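In terms of our numbering, the sequence shown opens at residue 229 and continues consecutively.
Note sheet for the following structure.
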Amino acid sequence: MISRDEKSAPSELYDLLMDGGWMDVLQQHPTPQVITKNRKIIFINSAAVNLFDGINIESFMGKDIIELIHPLDQERIFLRINALTKQNSQNAPTKIRINTVANKIKYIISSSALVQIREESIVIATGVDVTKLHKMEKSLKESEDSFKRLFENMHDVFYRTICPARKRCLCP
Numbered sequence: 229m230i231s232r233d234e235k236s237a238p239s240e241l242y243d244l245l246m247d248g249g250w251m252d253v254l255q256q257h258p259t260p261q262v263i264t265k266n267r268k269i270i271f272i273n274s275a276a277v278n279l280f281d282g283i284n285i286e287s288f289m290g291k292d293i294i295e296l297i298h299p300l301d302q303e304r305i306f307l308r309i310n311a312l313t314k315q316n317s318q319n320a321p322t323k324i325r326i327n328t329v330a331n332k333i334k335y336i337i338s339s340s341a342l343v344q345i346r347e348e349s350i351v352i353a354t355g356v357d358v359t360k361l362h363k364m365e366k367s368l369k370e371s372e373d374s375f376k377r378l379f380e381n382m383h384d385v386f387y388r389t390i391c392p393a394r395k396r397c398l399c400p
């Protein structure tokens, strides 16, 4: 749930976000959702808390979203967030690594958008866990590479049948 303190949103923005009950819908949405203001988390739904292996919503409030991104992806995500403008208000989905509270690395496909609410700019981001898919792709690639190496190291041998009882070797 959105926190109403100085670390997060001004009270007018908080009241506006809570108005109409649509935040309850986001809170119950099965896809992880995070809303940030100046990169600080002002809303995180239960699915996102589970994605980050968190225990409660309050532990994420006011936290810089970049802290949850894997160090090797932080600069790229920082640039993507800063690239959001009124003219370019949505980022294309991208695959990123996140660090969970339990110090696990997970892979997600994430997309974000800049939203203007009463002169306030907030970023809403969503992500889908693709860690299992990433592991399956990695395993498949390793299997393909192993199979490829097997045939690259084999010598091809061709035979020609001269008559039904005799074969002749044409290559090494």
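Ideal Cβ positions, reconstructed from N, Cα and C, are used throughout, including at glycine.
Here the structure is a predicted model, which means the values were calculated and not measured.
Nonlocal neighbours in the same chain, by C-beta distance under 7 Å from residue i, ignoring five residues either side
{"i": "D301", "result": "I324 and R325"}
{"i": "D292", "result": "R267 and K268"}
Residue i versus the options, residue with shortest Cα-Cα distance
{"i": "Q315", "options": "V343, E348, S371 and F288", "result": "V343"}
{"i": "K409", "options": "S374, I345 and E286", "result": "The shown model of the chain, from 229 to 400, leaves out residue 409, and the question about it has no answer."}
{"i": "N278", "options": "K369, D357 and I294", "result": "D357"}
{"i": "F280", "options": "V262, I350 and L368", "result": "V262"}
{"i": "S317", "options": "E295, P258, S374 and I352", "result": "I352"}
Within 9 Å, strictly: CB atoms of residue i and residue j
{"i": "T359", "j": "S339", "result": "no"}
{"i": "I270", "j": "I333", "result": "no"}
{"i": "M289", "j": "I272", "result": "yes"}
Cβ shell of residue i (< 8 Å), same chain only, five flanking positions each side left out
{"i": "Q297", "result": "One detail in the question is off: residue 297 reads as Ile in this sequence, not Gln. Excluding positions up to five away in sequence, the list reads I305, I324, R325, I326 and N327."}
{"i": "P321", "result": "I337, S338 and S339"}
{"i": "E234", "result": "Confidence in E234 is poor, its pLDDT being 45 and thus under 50, which makes the residue's placement too unreliable to answer from."}
{"i": "I283", "result": "V277 and V329"}
{"i": "S236", "result": "Only weak support is given to the placement of S236: the predicted model assigns it a pLDDT of 47, under 50, and the question is left unresolved by the model."}
Length-filtered (4 minimum) alpha helix (DSSP H) runs lying within the stretch 299-344: Qualifying alpha helix (DSSP H) stretches, in chain order: 299-310.
Report the residue ranges of all beta strand (DSSP E) runs contained in full by the stretch 252-288; include only those spanning at least 3 residues, in chain order. If we require 3 residues or more, the beta strand (DSSP E) runs fully inside the stretch 252-288 come out as 261-265 and 268-272.
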